[in-house]
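Residue numbers (my numbering): 2 to 56. Even for Gly, the Cβ is constructed at its ideal location relative to N, Cα and C. Since this is a predicted model, take the numbers as computed values, not measurements.
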Amino acid sequence: MADLIVKAAVKEALDDKNVASDFYDALDEEVAALLDDAARRAEANDRKTVQPRDL
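As structure tokens, then:
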């Protein structure tokens, strides 16, 4: 699976914090799970469009 996050943007958002190299993989997995859940909710409601309420 392709990376879902942009490492530079994450680093910028965390400002002056250090970021462990394995943090990005863990965050990417969390985002993937969030997207899968949202897609399932949309499908359960007979929609092909994922909407904010699916989060």
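* Asked: For Leu35, which three-state DSSP category applies?
  -> helix
* Would you mind stating whether Asp55 and Arg42 have Cβ atoms separated by less than 8 Å? => yes
* Asked: With distances taken from CA atoms, which of Leu35, Val20, Leu15 and Asp16 is nearest Leu5?
  -> Leu35
* On the three-state DSSP scale, how would you describe Leu5? -> coil
* Asked: Shortest alpha-carbon distance to Lys8 belongs to which of Tyr25, Asn19 and Asp16?
  -> Tyr25
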